[in-house]
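What follows is a set of notes on a single structure, which appears directly below.
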Amino acid sequence: MSENTAAKIHWSFWVIAIVALIWNLMGVMNYLMQMSSEVMASYPESHRAIIESRPAWATGAFAIAVFCGSIGCILLLLKKSSSFYLFIASLVGVILTMIHSMSVDTSSISGPFEMAMMILMPLLVAIFLIWYSKHSENKGWIS
Numbered sequence: 119m120s121e122n123t124a125a126k127i128h129w130s131f132w133v134i135a136i137v138a139l140i141w142n143l144m145g146v147m148n149y150l151m152q153m154s155s156e157v158m159a160s161y162p163e164s165h166r167a168i169i170e171s172r173p174a175w176a177t178g179a180f181a182i183a184v185f186c187g188s189i190g191c192i193l194l195l196l197k198k199s200s201s202f203y204l205f206i207a208s209l210v211g212v213i214l215t216m217i218h219s220m221s222v223d224t225s226s227i228s229g230p231f232e233m234a235m236m237i238l239m240p241l242l243v244a245i246f247l248i249w250y251s252k253h254s255e256n257k258g259w260i261s
């Protein structure tokens with residue numbers, strides 16, 4: 119990209135990309151904390167039981183969702199259109215994680231609103247990032 123094209127990038131691009139990176143890094147932190155036995159020991163028994171009984175495919179899907187989302191955001195900040203493909207992979211991870219989450223009884227740790235937000239927000243963010251990366255490419259902000 120030339121200097122002139124880079125100057126035409128709207129300020130909101132940077133805000134959205136940075137906020138999305140922070141969102142995904144919080145997911146990475148959540149994933150890493152769930153892998154730590156010290157942190158797991160501090161969780162209430164009801165939380166630990168859900169995390170420890172999660173199948174490997176659901177844990178892998180969670181990792182794909184948060185790590186691909188984070189790398190996708192970094193690529194977006196670097197103005198790389200390949201971020202689109204990582205956001206697609208992240209969405210697949212989110213959907214697989216959702217499938218597992220909907221099959222687990224979490225009524226003991228969260229209410230229906232909290233559960234809906236835990237499922238709905240990652241899905242909406244993942245879909246938005248796919249759209250936004252394509253929108254940014256169409257605007258000529260990334261290539």
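In this note's numbering, the protein residues as written are 119 to 261. For glycine and all other residues, C-beta sits at the position ideal for the given N, C-alpha and C. These figures come from a predicted structure and were not determined experimentally.
In the structure shown, what three-state DSSP assignment does residue i receive?
{"i": "E121", "result": "Here the model assigns E121 a pLDDT of 49, short of 50, so the residue's position is not dependable, and the following value carries that caveat. Note: E121 maps to helix in three-state DSSP."}
{"i": "P162", "result": "coil"}
{"i": "V133", "result": "helix"}
{"i": "K262", "result": "Examination of residue 262 is not possible in this model, given that the chain is present from 119 through 261 alone."}
{"i": "G229", "result": "coil"}
{"i": "I248", "result": "helix"}
{"i": "S199", "result": "coil"}
{"i": "S154", "result": "coil"}
{"i": "V222", "result": "coil"}
{"i": "S208", "result": "helix"}
Is the distance from the Cβ of residue i to the Cβ of residue j below 8 Å?
{"i": "I248", "j": "L195", "result": "no"}
{"i": "I140", "j": "Y250", "result": "no"}
{"i": "L214", "j": "A179", "result": "yes"}
{"i": "L193", "j": "M216", "result": "no"}
{"i": "I237", "j": "M220", "result": "yes"}
When the Cα of residue i is compared with those of the options, which residue comes out closest?
{"i": "S164", "options": "I127, N256, V222, I237", "result": "V222"}
{"i": "V137", "options": "V212, G187, S219, M220", "result": "G187"}
{"i": "N142", "options": "K257, G258, N256, M239", "result": "M239"}
{"i": "K175", "options": "S200, V212, S155, I237", "result": "Before going further, note that residue 175 is Trp rather than Lys in the sequence given. Considering only alpha carbons, the answer is V212."}
{"i": "I189", "options": "A207, A234, M158, R172", "result": "A207"}
{"i": "C191", "options": "H218, E156, W132, T177", "result": "W132"}
Who are the Cβ neighbours of residue i in its own chain at under 7 Å, not counting the five residues just before and after it?
{"i": "K198", "result": "I260"}
{"i": "K252", "result": "F202"}
{"i": "Y149", "result": "F180, A181, V184"}
Whose C-beta lies closer than 6 Å to the C-beta of residue i among residues of the same chain, with five residues either side of it excluded?
{"i": "G145", "result": "V184"}
{"i": "S254", "result": "I260"}
{"i": "I169", "result": "Q152"}
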